[in-house]
Amino acid sequence: MLRIPCPHCGLRDYTEFQYGGDASKIRPVHTEECLAPWHDHVFLFDNPKGVHREYWQHRLGCRQWLIIDRHTATNVIEPTTRDPTNSDLMNSDLMNTGRQP
Ligand SMILES: [Zn+2]
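Count along the sequence shown from 1, then add 2; that gives the number in my numbering.
Now the structure itself:
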């Protein structure tokens with residue numbers, strides 16, 4: 003079973019969290035001339051085996067967004083941090099997707 007260490011609440015079951023996507027992706031520059039980079043950003047996903055940087059929200063706890071480095075084959079999680087670089091993350095489209103892990 004996957005347990006995620008929240009820096010605010012401690013070690014919790016993954017069912018308290020919502021997966022928010024790949025935290026290593028960089029959004030393309032917004033232009034109207036070429037939408038191919040946005041298509042790739044929104045619809046194409048890697049399926050890595052190994053350590054993967056991911057967004058998770060502690061929805062049933064402190065509701066903070068975290069960046070987690072998780073090994074996709076073993077579910078071993080490296081130290082967790084609150085996302086310090088995306089203060090506007092809460093207002094992004096990513097938060098309204100309703101996706102489940
Ligand atoms: Zn928490």
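By construction, the Cβ of each residue, glycine as well, lies at the ideal position given by its N, Cα and C atoms.
None of these values were measured; they are calculated from a predicted model.
Residue closest to H41, alpha-carbon to alpha-carbon, out of G12, V31, N49:
V31
Express the C-alpha separation of D24 and E80 in angstroms, rounding to a whole number.
16 Å
For C36 and G63, the rounded distance between their alpha carbons
40 Å
Give the C-beta separation of T74 and H54 to the nearest angstrom, bearing in mind that I take them to be a contact with Cβ-Cβ under 8 Å.
5 Å
Burial state of F45, where buried means 16 or more other Cβ atoms lie within 10 Å:
exposed
Range of the contiguous alpha helix (DSSP H) that encloses H60:
Segment: none, H60 is in no alpha helix (DSSP H) and carries neither H nor E.
Give the residues whose C-beta lies closer than 7 Å to at least one heavy atom of ligand 1, in chain order.
Chain-ordered, the residues whose CB falls short of 7 Å from any heavy atom of ligand 1 come out as C8, H10, C11, R14, H60, G63, C64, Q66.
In whole angstroms, what is the alpha-carbon distance linking P103 and E56?
Unreliable placement is indicated for P103, whose pLDDT of 45 sits below 50; no coordinate value is reported for it.
Look up V78 in the DSSP assignment and say whether it is helix, strand or coil.
coil
Beta-bridge partners of D24, as assigned by DSSP
E56
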